[in-house]
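Below is one structure, written out as structure tokens; comments come after it.
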Amino acid sequence: MRDLAQAGRYLTQSLRLMVGVPHYGSYLAHHQATHPERPAMSYEEFFRERQAARYSARVGKCC
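Here the sequence shown is numbered in the numbering used here, starting from 1 and rising by one per residue.
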């Protein structure tokens, strides 16, 4: 049963990465390790920033 739960977590993380949303927990760990003096984004801010970064890039589009 534990293997199934782990597979579910991996699948969820993979799907998030496919749509441009990295794991929020990983972001928090990185932020704390590299920028402890700055406040971290909330989940909502993090989600919007990742979506904007993914979909606002004009690379490969003709117009």
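Cβ atoms here follow ideal geometry from the backbone N, Cα and C, with glycine treated the same way.
Pull up the CB-CB distance for residue i and residue j, whole angstroms please, since I reckon it's below 8 Å.
i   : j   : result
P22 : R50 : 7 Å
Y24 : Y43 : 5 Å
Taking only three categories from DSSP, how would you classify residue i?
i   : result
R38 : coil
H23 : coil
M1  : coil
S56 : coil
Is the region 6–15 close to the region 27–37, with three or more CB pairs under 8 Å? Short answer: they don't touch.
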